[in-house]
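Novice:
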Amino acid sequence: MLDLTNLEKALRQFKKTLLFCEAEPDGDKQVMLQTAAIQCFEYTYELAIKMLRRSLEERLPSHDALSSISFNDLIRLGAEQGLIDNPSAWFGFRHKRNITAHTYDESKAEEIYAILPEVVNKTDYLLQQLKRAQ
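Shown next, in the form of structure tokens:
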């Protein structure tokens with residue numbers, strides 16, 4: 371049985387951070403809050419992928435093969451199992467996550483910040499499906 375506590379906490383903090391961003395629309399605080407929201411995205415995204423992989427390992431008889439499958443195949447398998455509702459969104463999240471790992475650029479940060487509500491929604495969906503599967 372998966373312990374989803376860390377993913378729940380991360381997602382809760384992610385949501386709170388986005389609410390703070392909405393409440394502080396301009397200025398230096400907004401930049402700091404957006405940076406915090408992007409960091410929440412990075413952490414929550416990584417946890418979500420780990421929980422997806424662990425859930426699939428528990429569900430599937432040939433779970434040893436999961437350690438060597440590609441990210442795209444992992445996401446597709448998650449969709450086949452009903453844990454993810456839109457694989458292409460997760461492919462896009464990975465692309466955005468890779469951008470955050472390599473450089474900091476204000477325009478890229480704004481681009482990433484724009485998708486964060488969708489990340490929250492898709493991660494929330496995944497979390498609910500993981501809970502149902504237990």
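Numbering (our numbering), first residue to last: 371 to 504.
For glycine and all other residues, C-beta sits at the position ideal for the given N, C-alpha and C.
Which of the three DSSP states, helix, strand or coil, is assigned to GLY452?
Specialist: Position 82 of the sequence shown, counted from the first residue, corresponds to residue 452. DSSP places GLY452 in coil when its eight states are reduced to three.
Novice: Just verifying my parser: in three-state terms, what is the DSSP assignment at GLU480?
Specialist: If you number the sequence shown from 1, residue 480 lands on position 110. Of the three classes helix, strand and coil, the one that applies to GLU480 here is helix, per DSSP.
Novice: Would you report the Cα separation of LEU374 and ILE482, rounded to the nearest angstrom?
Specialist: If you number the sequence shown from 1, residue 374 lands on position 4. If you number the sequence shown from 1, residue 482 lands on position 112. When only Cα atoms are considered, LEU374 and ILE482 end up about 25 Å apart.
Novice: Output needed for LYS492: all residues of its chain with C-beta closer than 8 Å, excluding positions within five of it in sequence on either side, in chain order.
Specialist: Taking the first residue of the sequence shown as position 1, residue 492 is located at position 122. Closer than 8 Å at the Cβ level, and outside the excluded window around LYS492, lie ILE454, ASP455, ASN456, ALA459, TRP460 and PHE463.
Novice: Once you ignore the five residues that flank GLN499 on each side, which residues in its own chain have a CB closer than 7 Å to its CB?
Specialist: Position 129 of the sequence shown holds residue 499. Cβ within range, chain order: GLY452 and LEU453.
Novice: Below 8 Å, how does it come out for the stretch 429-438 and the stretch 385-404: are there three or more Cβ pairs, yes or no?
Specialist: Output reads no: the stretch 385-404 does not touch the stretch 429-438.
Novice: Can you name, in chain order, every residue of its own chain whose Cβ lies under 8 Å from the Cβ of LEU444, other than the five neighbours on each side?
Specialist: Counting from 1 along the sequence shown, the entry for residue 444 is found at position 74. Only ILE419, LEU422, ARG423, LEU426 and LEU436 meet the Cβ criterion.
Novice: What three-state label does DSSP hand SER432 in the structure shown?
Specialist: Along the sequence shown, read from residue 1 onward, the residue named residue 432 stands at position 62. Residue state, collapsed to three classes: coil.
Novice: Whole angstroms is fine: what's the gap from LYS501's alpha carbon to GLU480's?
Specialist: Start at 1 with the first residue of the sequence shown, and residue 501 comes out as number 131. Start at 1 with the first residue of the sequence shown, and residue 480 comes out as number 110. Rounded to the nearest angstrom, the two C-alpha atoms are 32 Å apart.
Novice: At the level of alpha carbons, what is the spacing between CYS391 and LEU377?
Specialist: Counted from its first residue, the sequence shown places residue 391 at position 21. Counted from its first residue, the sequence shown places residue 377 at position 7. Cα to Cα, the separation comes out at about 21 Å.
Novice: Please name the residue, chosen from MET371, PHE411, ALA449 and LEU372, that lies closest to GLU488 on a Cα-to-Cα basis.
Specialist: Along the sequence shown, one-based indexing puts residue 488 at 118. With distances taken between Cα atoms, GLU488 lies closest to PHE411.
Novice: Quick check on DSSP: helix, strand or coil for GLU488?
Specialist: Here residue 488 corresponds to residue number 118 of the sequence shown, with the count starting at 1. Correct three-state label for GLU488: helix.
Novice: Have a look at ALA393 and LYS386 and give me their C-alpha separation to the nearest angstrom.
Specialist: Along the sequence shown, one-based indexing puts residue 393 at 23. Along the sequence shown, one-based indexing puts residue 386 at 16. Roughly 11 Å separates the two Cα atoms.
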